[in-house]
Amino acid sequence: MNSYSESILTLVKTKNPAEPEFHQAVQEVLHSLEPVLARHPEYRSAKILERMVEPERVVIFRVPWFDDRGEFNVNRGFRVQMNSAIGPYKGGLRFHPSVTLGTLKFLAFEQVFKNALTTLPMGGGKGGSDFDPKGKSDLEVMRFCQSFMTELYRHIGPDIDVPAGDIGVGAREIGYLFGQYKRLTREFSGVLTGKGLNWGGSRIRPEATGFGVVYFAQEMLKTRSKSFDGLRVAVSGFGNVAWGAVLKATQLGAKVVTLSGPDGFVHDPSGISGEKIEYMLEMRASARDSVKDFADKFKVEFHAGKRPWGTKVDVALPCATQNELDENDAKELVKNGCFCVCEGANMPTSLGGIRVFEESKVLFSPGKASNAGGVATSGLEMSQNSMRLAWPRDEVDQRLHQIMTTIHDTCLEVSRTYGAPGNYVTGANIAGFLKVATSMMDQGLV
Ligand code: NDP
Ligand code: 2IT
6 MNSYSESILT
16 LVKTKNPAEP
26 EFHQAVQEVL
36 HSLEPVLARH
46 PEYRSAKILE
56 RMVEPERVVI
66 FRVPWFDDRG
76 EFNVNRGFRV
86 QMNSAIGPYK
96 GGLRFHPSVT
106 LGTLKFLAFE
116 QVFKNALTTL
126 PMGGGKGGSD
136 FDPKGKSDLE
146 VMRFCQSFMT
156 ELYRHIGPDI
166 DVPAGDIGVG
176 AREIGYLFGQ
186 YKRLTREFSG
196 VLTGKGLNWG
206 GSRIRPEATG
216 FGVVYFAQEM
226 LKTRSKSFDG
236 LRVAVSGFGN
246 VAWGAVLKAT
256 QLGAKVVTLS
266 GPDGFVHDPS
276 GISGEKIEYM
286 LEMRASARDS
296 VKDFADKFKV
306 EFHAGKRPWG
316 TKVDVALPCA
326 TQNELDENDA
336 KELVKNGCFC
346 VCEGANMPTS
356 LGGIRVFEES
366 KVLFSPGKAS
376 NAGGVATSGL
386 EMSQNSMRLA
396 WPRDEVDQRL
406 HQIMTTIHDT
416 CLEVSRTYGA
426 PGNYVTGANI
436 AGFLKVATSM
446 MDQGLV
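Sequential numbering from 6 applies to the sequence shown in our numbering.
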């Protein structure tokens, strides 16, 4: 890194100690931006980077709730409103015991670039809580969501900030959050996305992130004159994103041979299709967080405490969580002949892992480009809500497909323009940055 990038990273580390994931996300972007900053000194003199690493606003609040035994519980709630240069803040809510301010700042930072890539007018934000949904009853989740929204509602709105789901937040949670927002404001609006189909949700939103990942990977494969047909694919996670990715990859003729969870991974050499894909939804809804259930039900191999990256595959789709694929995992994948890695989760690959893929000439796409289909379809849900219309499934799917192809082509074109042809990380970071940075310049003191 050059001395200017180093100075920004030092600033971020000094001002935000104990937030290693945020440092990592910033470091990856800074590395990519060096050619653009060299060519455009105006961004440096306007201190655009110093501004972009500072959230516009962060709200932190207490979330008290009663469990089923009548005991008091307290969690911490957050909303990071990172950047509104190109539209209202937009981004998911994560409920997971590992959630900290640093986690949500990294996710909000990534979201700014991702949303800019979608071509839709959305700024970036992220929120959530250290609430652990594991083992909680429906009523406990409802009481938690109601208490969470009792504070959050003052900070969001259909033209201000539009949250959605992420890890631990799916259709059920969005329903409880929306119900409480409506009671507090007496307003039925598109304030959240991922809503139920009967009350303003968009078709394809549940599938969108995973479908988008596979549409993006399809374009990557085309650059090497390949298609998914007959390829072996490793997927990690078994949640919303993993489910959509397995469904679409299988439809396109691939054989998905792994899934993973916090307890280990399953290896199913015959391929995960049909009722096995349906069962992923049951596993997630059970809130047991055990992928071993899959191995027990379908009598396939289970590898306790291991990640799926040692399996011999052509394509890897990491869809669970951040830093789930490190340098050694990357070497293992390359050694076994994997030639395409397309991120479904946010920042699943460590910086060392990315370096291995770049050096090995593996096709590698960062989550902020390849998982943008989820938030893009959220953007389409916002459009439908504003128009008070509901588009049919095919229309949403076609738009999603078009958006993913456009993001892919933009990444490649920008990577060429800035001297790193075929590097999707460089292309995504520079393309997202240019859109947001020029908008900030246009708007003056923001
Ligand atoms: P889900 O809650 O549906 O699934 C997440 C899955 O990953 C759960 O099974 C979870 O289990 C597991 N998981 C979490 N941490 C780990 C870990 N350390 N090791 C192994 N498995 C783990 O979430 P999503 O599918 O929605 O999200 C998955 C990823 O995709 C996240 O990075 C998210 O930010 C990203 N994403 C999601 C989008 C969406 O629209 N939902 C859009 C774009 C990106 P457990 O809870 O027990 O840890
Ligand atoms: O990381 C993400 O892009 C999401 N969790 C989806 C955000 C959204 O607003 O749909």
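Virtual Cβ for every residue (Gly too), placed ideally from N, Cα, C.
Every alpha helix (DSSP H) stretch that sits fully inside the segment 254-319 and reaches 4 residues is listed by chain position as 280-290, 297-303. One Cα belongs to residue 205, the other to residue 342, and the distance between them is close to 45 angstroms. Closest by C-alpha distance to residue 442, out of 176, 187, 121, is 121.
Contact between residue 238 and residue 106 does not hold, since their C-beta atoms are separated by about 35 angstroms, which reaches or exceeds 8 angstroms. Listed in chain order, the non-local C-beta contacts of residue 375 below 6 angstroms within the same chain comprise 218, 221, 347, 348, local neighbours out to five positions each way being set aside.
Of 350, 377, 345, 372, the smallest CA-CA separation from residue 362 is found for 345.
At least 8 angstroms separates the beta-carbon of residue 387 from that of residue 242.
Annotation note: the segment 164-211 contains the following uninterrupted alpha helix (DSSP H) runs of length 4 or greater, listed N- to C-terminal: 176-190.
Its chain contains 409, 410, 413, 414 as the residues whose beta carbon lies nearer than 8 angstroms to that of residue 224, once the 5 sequence neighbours on both sides are disregarded; these appear in chain order. Looking only at 319, 304, 298, 335, the smallest Cα-Cα distance to residue 312 is reached by 335. Taking the Cα positions, residue 403 is about 44 angstroms away from residue 71.
Residue environment: residue 43 is assigned as exposed (fewer than 16 neighbouring CB atoms within 10 Å of its CB, all protein chains considered). Look at residue 371 here: in three-state DSSP terms it is coil, with no helix or strand label.
Going by C-alpha positions, residue 212 is about 11 angstroms away from residue 244. Around the beta carbon of residue 52, fewer than 16 other beta carbons sit within 10 angstroms, so the residue counts as exposed. Residue 418 is classed as exposed because its beta carbon has fewer than 16 other beta carbons within 10 Å across all chains shown.
Counted as a single uninterrupted DSSP element, the stretch harbouring residue 86 is not any alpha helix (DSSP H) but the beta strand (DSSP E) occupying residues 77-88. Proximity of the segment 84-99 to the segment 354-361 falls short of the contact definition, fewer than three beta-carbon pairs being nearer than 8 angstroms. The ligand 2IT never approaches residue 51 closely enough for any of its heavy atoms to be under 7 angstroms from the residue's Cβ. Under a 10 Å Cβ-count criterion, residue 85 is classified as buried, with 16 or more other Cβ atoms of the shown protein chains found around its own Cβ. Put simply, the backbone Cα of residue 248 is about 7 angstroms away from that of residue 285. According to DSSP, residue pairing for residue 69 in a beta bridge involves 79. Separation of residue 309 and residue 326 (C-alpha to C-alpha, rounded to the nearest whole angstrom) is 18 angstroms. Of the heavy atoms belonging to the ligand 2IT, at least one sits nearer than 7 angstroms to the Cβ of residue 383. Counting along the chain, residue 43 sits inside the alpha helix (DSSP H) bounded by residues 25-44. Here the alpha carbon of residue 25 sits roughly 43 angstroms from the alpha carbon of residue 394. Under a 10 Å Cβ-count criterion, residue 169 is classified as buried, with 16 or more other Cβ atoms of the shown protein chains found around its own Cβ. Here the C-alpha atom of residue 301 lies approximately 38 angstroms from the C-alpha atom of residue 154.
The alpha-carbon of residue 383 is positioned some 25 angstroms away from that of residue 328. The residue from 314, 202, 69, 139 with its alpha-carbon nearest to that of residue 103 is 139.
Comparing C-alpha distances from residue 81 to each of 165, 141, 180, 149 shows the shortest one belongs to 149. Residue nearest to residue 436 within the set 399, 371, 317 is 371 (criterion: CA-CA distance). Between residue 20 and residue 28, the C-beta spacing is not below 8 angstroms.
DSSP places residue 52 in the coil class of the three-state scheme, outside both helix and strand.
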